[in-house]
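Below is one structure, written out as structure tokens; comments come after it.
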């Protein structure tokens, strides 16, 4: 295994985060902090508690998950799209490095960035509202699996996209609405039965529900089903990436 | 007998849409040589290089690099290759040092600052090591691409149009660097539009057209075997028609004003300069000057490509 090759990609990508600290870290932290100020403190103080949890605390897992989803996708999609765009991908393709190692380098770095951002947002949330974590191990596990799955998804988008517009279209038009409607700001049990059923087709519901369970021990959906859903997303992404490399789709003419 | 470091047999490449970029290519590159691959635009030069380096796929044929199959033993094969691509691709926001170090790591080589320093100094890039690539001139960027390709100490170096868009001074400096690399044992495969470049540097030349290798030979052999010589005889008096004693040479002679131009194959003893000059002398045809010229590689290249 070419571990040095993996590490080189990883360090190269992490140094990009250092170089663009404002865009990579400050921007998601500030926007999430604004959500806490508006929904948590200002409006949240007027809203009743949900499942015995104050509204401000209730939205913390959803907001972290929303940021982690969007950051995972944007980091990994940009990481592979940029060398394709500039042409420097030739270096990756001609190096003695396997497809798995390339994915490990790029997706590993993007997952690390998403985890760091998720943990920073958690620390920021703690400054505004009372946050408890009942199952810290489970919280880290869900955070990691979700970051990994959506970084793999972002990697697929980065290979599929031919231009910057395509790169943005899925995160903006699909992921953000799904995150908003996935129970970030409410419990889906509060919805009328029809809308609750429809919401169950939204995969983000399972991610937020499981993540919230690790904080407060309360969830909208059975924790096992949520874990299965994360596993399914991960599996689908791995299969698609396998076929991308096998066929050389948009990478090797 | 020279040992082959690259062996290509029956290589075919058909792009989606049916365009046949390579047509049954067979080619061996010898260790330690400078091999120039010449061909018109779209002949298949870059496709061939890209396939050997792993950038393009291929379905039919076999390629071995250093004895290793590029599909089955891709790690061992690729670790021997350095590639300087035609396009000036770069991560504009990275520094020279970081991008060259990245390339070394990518090929699984242990960090070696002294090695990177030597490469940058050899390529006159040391003063620019902390500069971002976006701030460098075109020539400097081209050198950075070479530094990246050399960072993992490859045994085989592909230079795809290395001096395209580079000024004459820098081009000559690059030629010297390429020669130094060859002296250190690196095999160099060069594609170029500048025939002068191939004529200046190559040990062996391959000519590719429409995806087929139409000729490979040592440069000296190619030029002496396929090249024509030209003798220009400046006469004392202008001729209107060719004298009868020169009739046996009528297909090789042309009257151009006061000059009699004799184009001949130097390998054919019947066509020797001595014979024709003896005839001219015996028949008292006065002349004031003689000038000989050998056809250039460019002329040979044009003849071969147009004949294929």
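Protein chains in written order, with the numbering used here: chain D, 1 to 253; chain P, 1 to 308. Don't be surprised by glycine CBs; every beta carbon is placed ideally from N, CA and C.
The beta strand (DSSP E) that contains residue i, what's its start and end?
i	result
residue 36/P	34 to 38
residue 193/P	Per DSSP, residue 193/P belongs to no beta strand (DSSP E) and is neither H nor E.
residue 322/P	Limits of chain P in this structure are 1 at one end and 308 at the other, which puts residue 322/P out of reach.
residue 38/D	That residue, residue 38/D, is in no beta strand (DSSP E); it is neither H nor E in DSSP.
residue 235/D	Unbroken run through residue 235/D is the alpha helix (DSSP H), 223 to 247; no beta strand (DSSP E).
residue 292/P	287 to 294
residue 4/P	4 to 14
Quick one: what's got a C-beta closer than 8 Å to residue i's C-beta in the same chain, skipping five residues either side?
i	result
residue 29/D	117, 120, 121, 124
residue 91/D	83
residue 105/P	111
residue 58/P	11, 12, 13, 22, 51
residue 109/P	151, 152, 153
residue 238/D	152
residue 53/P	78, 81, 83, 158
residue 214/P	207, 208, 304, 305, 308
In angstroms with no decimal places, state the Cα-to-Cα distance between residue i and residue j.
i	j	result
residue 71/D	residue 111/P	31 Å
residue 39/P	residue 68/D	51 Å
residue 217/D	residue 134/D	7 Å
residue 178/D	residue 86/D	32 Å
residue 64/D	residue 136/D	15 Å
residue 236/D	residue 114/P	45 Å
residue 95/D	residue 79/P	7 Å
residue 47/P	residue 12/P	11 Å
residue 126/D	residue 77/P	53 Å
residue 298/P	residue 242/P	30 Å
residue 250/P	residue 223/P	25 Å
residue 47/D	residue 184/D	15 Å
residue 169/D	residue 104/D	25 Å
residue 162/D	residue 11/D	26 Å
residue 44/D	residue 38/D	8 Å
residue 118/P	residue 196/P	30 Å
residue 121/P	residue 181/P	14 Å
residue 4/D	residue 108/D	14 Å
residue 1/D	residue 43/P	37 Å
residue 175/D	residue 196/D	19 Å
residue 127/P	residue 101/P	16 Å
residue 56/D	residue 33/D	12 Å
residue 263/P	residue 56/P	45 Å
residue 53/D	residue 186/D	12 Å
Leaving out five residues before and five after residue i in sequence, what residues of the same chain have Cβ atoms less than 7 Å from its Cβ?
i	result
residue 9/P	26, 61, 62
residue 80/D	106, 155, 158, 159
residue 161/P	86, 191, 192, 193
residue 309/P	As displayed, chain P neither begins before 1 nor continues past 308, which places residue 309/P out of reach and without an answer.
How close, in whole Å, do the beta carbons of residue i and residue j come, if the pair is a contact with beta carbons under 8 Å?
i	j	result
residue 14/D	residue 112/D	7 Å
residue 175/P	residue 130/P	With a Cβ gap of about 28 Å, residue 175/P and residue 130/P do not count as contacting.
residue 191/P	residue 49/P	7 Å
residue 187/P	residue 65/P	Going by Cβ atoms, the distance from residue 187/P to residue 65/P rounds to 10 Å, so no, they are not a contact pair.
residue 211/P	residue 37/P	Not really, about 13 Å apart at Cβ, beyond 8 Å.
residue 145/D	residue 230/D	5 Å
residue 19/P	residue 83/P	In fact, because the Cβ distance is near 23 Å, the residues do not count as touching under 8 Å.
residue 292/P	residue 231/P	5 Å
residue 251/D	residue 93/D	7 Å
residue 149/D	residue 114/D	Their Cβ separation, rounded to whole angstroms, is 11 Å, which puts residue 149/D and residue 114/D out of contact at 8 Å.
residue 60/D	residue 6/D	Residue 60/D to residue 6/D, Cβ: 34 Å. No contact.
Considering just the uninterrupted stretch of the alpha helix (DSSP H) at residue i, what are its terminal residues?
i	result
residue 50/P	45 to 53
residue 177/P	168 to 183
residue 205/P	Taken as a continuous stretch (DSSP letters only), residue 205/P belongs to no alpha helix (DSSP H), being part of the beta strand (DSSP E) at 204 to 209.
residue 188/D	From DSSP, residue 188/D is part of no alpha helix (DSSP H); its letter is neither H nor E.
residue 148/P	138 to 150
residue 99/D	99 to 128
residue 299/P	297 to 307
residue 141/D	136 to 160
residue 10/D	3 to 19
Does the ligand PLP have a heavy atom nearer than 7 Å to the CB of residue i?
i	result
residue 184/D	Ligands displayed in this structure: none; no statement on the ligand PLP is therefore possible.
Excluding the 5 residues flanking residue i on each side, which residues of the same chain have their C-beta closer than 6 Å to its C-beta?
i	result
residue 31/P	3, 5, 187
residue 143/P	123, 125
residue 35/D	63
residue 219/P	202, 205
residue 256/P	none
Review point. Which full runs of the alpha helix (DSSP H) of 4+ residues lie inside the segment 67 to 131 of chain P, going along the chain?
Key: Counting whole runs of 4 or more residues, the segment 67 to 131 of chain P contains the alpha helix (DSSP H) stretches 74 to 78, 96 to 106, 113 to 122.
Exercise for review: Enumerate, from N- to C-terminal direction, the unbroken alpha helix (DSSP H) stretches of 4 or more residues contained entirely within the segment 195 to 219 of chain D.
Suggested key: 203 to 216
Check your understanding: Mind pulling the alpha helix (DSSP H) runs of 4 or more residues that sit fully within the segment 52 to 96 of chain D?
Key -> 55 to 86, 89 to 93
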